[in-house]
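> In this note's numbering, the protein residues as written are 72 to 464.
Below are the structure tokens for one structure; questions will follow.
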Amino acid sequence: MGSFASAPRGRQPVRFVWTGDCAGQGWGINPDLGGMVCWETMRRTEPDFFLFSGDTVYADGPLLPEVTLADGSIWRNIVTPEKSKVAETLDEFRGQWKYNLMDENVRRFNAEVPVIVQWDDHEVTNNWYPGETLTNTGGDARYTVKDVNTLVARSAQAFHEYFPMGPTTERRGRVYRQVSYGPMLDVFVIDMRTFRGPNTANKQTVAGPDTAFLGTEQINWLLRGLERSKATWKVIAADMPIGLQVPDGPNWEAVANDDNGAPLGRELEMAHLLSEMKRRRISNVVWLTADVHYAAAHHYHPDRAQFKDFDPFWEFVSGPVHAGTFGPNALDTTFGIEVVYQKASLFPNMPPSDGYQFFGVVDIESGGDMVVRLVDTAGTELFAQRLEPSRRR
């Protein structure tokens, strides 16, 4: 049995939560600790809906029955056959999402809170890109299926089975979409995985297939939607941050690289998007993301940037909800990022039992202000930022 609140017709307050990164780095359902307890903390905030910002499962992260912690104590996982190896078959991918539903905290949350979901890499395999062929280095010897496109097709089927996106005119299998939630909020869910080029050194000076990240079709869709939106706030649900360096061996996994100068590589596409948003006078845009496994508030401003043709904006980062904690990541200042707040791990892959699990709470008040809070698994508010809407348009 379940219940949910429908979207408001008028300017009633809206509250939602967001985070990502569930059952990763070897940390599964531990019955000794009450399972995935951060989900219960989120439920108690009584959100209208939940924005699940990618890495909803770790199909490439098998679980062991026991893990010895730094203090010598034992973390005990529930392990299923599908979670004992990397996912390759359709049934093994289905087993990734089925596993999370074994947790009573997740089930109780799902009975009360609608989910808006997107995916990132671990729904398939770490740092994947279209057309990739897995090698026998870096742990990929675990795979008998080496063609990433084959793994993607199987994962995508399971993903859409467990997160059906409803009747829509969008073509089958598309993840990026607009979700309107009353007159004060439009959520633009983007897909930073499906349309990207390969992970490279990310230093190209001219845009081309290798510098694609969202891709031309998705960029044009996003700009049209943002420009047409009448909502007070436009939230861009992005599965990866803009200005954080996210390495993939010698290459780069996200938008940023380690060059703090003019836009290069995938930054060329982001520069085009941001400058078009300014040219079209699109205001009140907030970016929400996860992926890096720590909590942060970032402000981007052209006065601090090498590329200056954009309006200032905020990006808020949360997660993990039940995975290892890492960070902080190094910065790339091409777009003038400033770290206003961050809370990261004390050592790599901190377990959920250490309490460094994070989610965000967004309140849109009836008067139009947005308040963004970063919260930990105990329910402690770590940071809050009030944003007043611009009246420009």
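All residues carry an ideal CB built from backbone N, CA and C; glycine is no exception.
1. Just how far apart, CA to CA, sit T112 and D329?
2. Using a Cβ distance threshold of 8 angstroms, determine whether the segment 101-121 contacts the segment 210-217, with at least three qualifying pairs required.
3. Less than 9 angstroms between the C-beta atoms of H364 and I408, yes or no?
4. Would you kindly report the start and end of the unbroken alpha helix (DSSP H) that includes R178?
5. If you check the beta carbons only, do G336 and Q275 fall under 9 angstroms apart?
6. Please determine, among G143, A78, V177 and D131, the residue with the shortest C-alpha to C-alpha distance to S155.
7. Do the CB positions of A366 and A415 come within less than 9 angstroms of each other?
8. What distance in whole Å lies between the Cβ atoms of H193 and D126, which are believed to be in contact at a cut-off of 8 angstroms?
9. W385: which of R295, Q228 and V357 sits nearest, CA to CA?
10. Would L161 pass as a contact of R225 if the rule is Cβ separation under 9 angstroms?
11. Report buried or exposed for K305, applying the criterion of at least 16 other Cβ atoms within 10 angstroms of its Cβ.
12. Beta strand (DSSP E) containing K305: first to last residue?
13. What's the C-alpha gap between Q249 and L458?
14. Comparing C-alpha positions only, which one of G279, M348 and V317 sits nearest to N291?
15. Whole angstroms are fine: how far does the CA of V317 sit from the CA of T405?
16. What span of residues does the alpha helix (DSSP H) with G143 cover, start to end?
17. Rounded C-beta distance between S116 and V392? I'm assuming under 8 angstroms.
18. Distance check for P152 and A342, CA to CA, integer angstroms please.
19. Given this structure, state the Cα-to-Cα distance separating W199 from P185, to the nearest angstrom.
20. Figure out for me which residue from P84, I313 and I145 has the closest Cα to the Cα of F120.
21. Give me the Cβ distance between D362 and M311, rounded to the nearest whole Å; I'm assuming they're in contact under 8 angstroms.
22. Below 8 angstroms on the Cβ atoms is my guess for A333 versus F397; work out the distance and round it to an integer in Å.
23. Which residues in the same chain as G97 place their Cβ atom closer than 7 angstroms to its Cβ, once the five residues preceding and following it in sequence are excluded?
24. Could you have a look at E241 and say whether DSSP puts it in helix, strand or coil?
25. Find the nearest neighbour of G106 within the set G166, S77, D142 and R179, judged by alpha-carbon distance.
26. Could you name the residues that DSSP lists as bridge partners for P318?
27. Helix, strand or coil for A227, going by three-state DSSP, please let me know.
28. Beta-carbon within less than 6 angstroms of R462's beta-carbon, same chain only, minus the 5 sequence neighbours each way: which residues are those?
29. Apply the 10 Å Cβ neighbour rule to A401 and answer buried if 16 or more other Cβ atoms are within range, or exposed otherwise.
30. Does A302 get closer than 9 angstroms to chain D when you measure Cβ to Cβ?
31. Measuring alpha carbon to alpha carbon, tell me which residue in R350, G426 and M441 is nearest L417.
Once the coordinates are examined:
1. Roughly 36 angstroms between the two C-alpha positions.
2. No contact exists between the segment 101-121 and the segment 210-217.
3. For H364 and I408, no; Cβs fall outside 9 angstroms.
4. Where R178 is concerned, the enclosing alpha helix (DSSP H) stretches over E175 to N181.
5. Cβ atoms of G336 and Q275: closer than 9 angstroms.
6. Selected option, being the one with the closest Cα: D131.
7. Pairing A366 with A415 gives a Cβ-Cβ distance under 9 angstroms.
8. That pair is a contact at about 4 angstroms.
9. If you compare the alpha carbons of R295, Q228 and V357 with that of W385, the shortest gap goes to V357.
10. Cβ distance < 9 angstroms, so L161 and R225 count as in contact.
11. K305 should be labelled buried.
12. Where K305 is concerned, the enclosing beta strand (DSSP E) starts and stops at W304 to A308.
13. The alpha-carbon atoms of Q249 and L458 are separated by roughly 22 angstroms.
14. Residue nearest to N291 within the set G279, M348 and V317 is M348 (criterion: CA-CA distance).
15. If you take the alpha carbons of T405 and V317, they lie about 15 angstroms apart.
16. From DSSP, G143 is part of no alpha helix (DSSP H); its letter is neither H nor E.
17. Reading off the sequence, residue 116 comes out as Thr, not Ser. The Cβ separation is near 13 angstroms, so there is no contact.
18. P152 has its alpha-carbon roughly 45 angstroms from the corresponding atom of A342.
19. Each residue's CA atom was taken as its position, placing W199 and P185 some 28 angstroms apart.
20. The shortest C-alpha separation from F120 is found at P84.
21. Contact between D362 and M311 holds, with the beta-carbon distance rounding to 5 angstroms and staying under 8 angstroms.
22. That pair is no contact at about 29 angstroms.
23. Hits under 7 angstroms: G132, L134, L135 and V138.
24. Its pLDDT being 48, under 50, E241 is placed unreliably by the model, and the measurement read from it follows with that caveat. Reduced to three states, the DSSP call for E241 is coil.
25. Out of G166, S77, D142 and R179, R179 has the C-alpha closest to the C-alpha of G106.
26. According to DSSP, P318 bridges with W323.
27. If DSSP states are grouped into helix, strand and coil, A227 belongs with the helices.
28. Here R462 has no same chain residue with a Cβ atom under 6 angstroms from its own Cβ, once five neighbours each way along the sequence are excluded.
29. An exposed status is given to A401, since fewer than 16 other beta-carbon atoms sit within 10 Å of its beta-carbon.
30. The structure shown contains no chain D, having only a single protein chain.
31. It is G426.
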